[in-house]
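Peer 1: Residue numbers (my numbering), protein chains in the order written: chain A, 1 to 221; chain B, 1 to 221.
Number of protein chains: 2
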Amino acid sequence: MKKAVILLSGGLDSTTTLYLAKRKGFKCYCLIFDYGQRHRKEIRCAELIAKRSNFPYKIIKIQFPWKGSALLEKNKKILKHCKQRNKKEIPSTYVPARNIIFLSFALSYAEAINAEAIFIGAHIQDYPGYPDCRPQFFRAFKEIIIKGSKTGVEQKRINIFTPLINKTKAEIIKLAKQLNVPLELTWSCYQGKRKPCRRCDSCYYRAKGFKEAGIKDPLLR
Amino acid sequence: MKKAVILLSGGLDSTTTLYLAKRKGFKCYCLIFDYGQRHRKEIRCAELIAKRSNFPYKIIKIQFPWKGSALLEKNKKILKHCKQRNKKEIPSTYVPARNIIFLSFALSYAEAINAEAIFIGAHIQDYPGYPDCRPQFFRAFKEIIIKGSKTGVEQKRINIFTPLINKTKAEIIKLAKQLNVPLELTWSCYQGKRKPCRRCDSCYYRAKGFKEAGIKDPLLR
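Put into structure tokens, the structure is as follows:
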């Protein structure tokens, strides 16, 4: 059975990506990061999702002992969603080089287990400001695999798949529904409270997506 | 004062690189990795070197919870140096994607402190087999910075310097001597004993380098 490493954050996008990889016939190895994010709720959700899917998972604990992101500094305020914000601006929630680090670990894992694919649920519709979610970044990372890894040098392949890259949140939610993704286990809010805050960027796009998809968000019932 | 992040392993090469960056006028921020290597001696050496140089340093603890390298698996034997070995072969001490992960953290640190450079002491003379020490890998990583980081997208620069890339061990040792590198604090051996084992690849190349440079290794006195 062909193997894939899936970057799983516990959110809607990465969970849908996991179920998509499963449908494509991959045996999935989930990789969850505990990187000092503001709350542990998303890590717990990711773990529950991995267990529900019956695939193996690993939690990697990493530190960012430097500042530079609202996601890492608990005293730094995460701005309320604001429609007028310049979409091209890099948000305060950008963590320096985060996806580069995550993909590097995924590559290491993939090499160690002879996987042929890495799946990441990045998309650019809602967050065009994040540089490490853009197609040109993923293309550059493929070059890294070819030039700087054992797999590449031995002329085997580890491909990076970003199946959601051009989808809107509504399209992702419709796809999740088709794939029987346990939407009730996914967590998007930047806060780790019992219920989503409904104010942050992430809540805003989730609510908008569910509305446009004509589906009820099970978290808001 | 211009800032640089230096990947510091405690070995001869990275220590010489640190002193080279210092001579080029950089304020150096040392990054040391505790990644489950076979022994802690090189971490202690790196720390002592950073302290001696009077530059700040951070130790990043990371896990590789998968197999795939003799450096990570204590029951996997590190082969004795063998002259007949095919130099192009990837050695058993290759850690999947290690330098990719290390550079990603260095990039994150560099972005967080507004550094303009990352220095890494990789060279290809002794270890042509390691894919993540080759010039084409570093070129590919520069593209990652341009395409996938805030710095790149904002059209600022973080450059990667590999000043030792084409030097032999003897040339590095001569340079270290010129730069007053504390050679007695550096550690190269894959074992973490009191004295170098004199049998592993790393000891072999160190001894050969000192001999060719006509300098005595202070560790062997």
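Where is the CB? At the ideal position from N, CA and C, for every residue including glycine.
1) Looking only at C-alpha atoms, which of B:R194, B:F105 and B:S188 sits nearest to P96 (chain A)?
2) Strictly under 8 Å for the Cβ-Cβ distance: is K67 (chain B) near chain A by that measure?
3) State the DSSP-derived secondary structure class of C203 (chain A), mapped to helix, strand or coil.
4) What in chain B is Cβ-close to F105 (chain A), meaning under 7 Å?
5) I'd like to know whether the C-beta atoms of K58 (chain B) and L31 (chain B) end up nearer to each other than 8 Å.
6) Enumerate, from N- to C-terminal direction, the unbroken alpha helix (DSSP H) stretches of 4 or more residues contained entirely within the segment 1 to 25 of chain B.
7) Taking 8 Å as the threshold (beta carbon to beta carbon), is P128 (chain A) in contact with chain B?
8) Q37 (chain B) versus chain A: which residues are under 9 Å apart at the beta carbon?
9) Scan the segment 138 to 160 of chain B for residues whose Cβ lies nearer than 7 Å to a Cβ of chain A and list them as they occur along the chain.
10) Report all residues from its chain with a CB closer than 8 Å to the CB of G192 (chain B); omit the five preceding and five following residues, and keep chain order.
11) On the CB-based measure, 16 or more other CB atoms within 10 Å of its CB, does N114 (chain A) come out buried or exposed?
12) For the alpha helix (DSSP H) containing I60 (chain B), list its first residue and its last residue.
13) So which residues on chain A does Y94 (chain B) lean against when the C-beta distance must stay under 7 Å?
14) Following the continuous alpha helix (DSSP H) through A176 (chain B), name the residue where it begins and the one where it ends.
15) Over the uninterrupted beta strand (DSSP E) stretch that includes L31 (chain A), give me the two end residues.
16) Using the Cα positions of C28 (chain B) and G25 (chain A), report the straight-line distance between them to the nearest angstrom.
17) Applying the criterion that 16 or more other CB atoms from any shown protein chain within 10 Å of the CB defines a buried residue, is P163 (chain A) buried or exposed?
18) Can you say whether E154 (chain B) is buried or exposed, counting buried as having 16 or more other CB atoms within 10 angstroms of its CB?
Peer 2: Checking against the coordinates, here is how it stands:
1) B:F105
2) yes
3) helix
4) I101
5) yes
6) 12 to 23
7) no
8) None at all; the shortest Cβ gap to chain A is about 15 Å.
9) A140, F141, E143, I144, K147, G148, S149, K150, G152 and V153
10) R38, H39, R40, K41 and E42
11) exposed
12) Counting along the chain, I60 (chain B) falls outside any alpha helix (DSSP H), though it belongs to the beta strand (DSSP E) covering Y57 to K61.
13) K150
14) K169 to Q178
15) K27 to D34
16) 48 Å
17) buried
18) exposed
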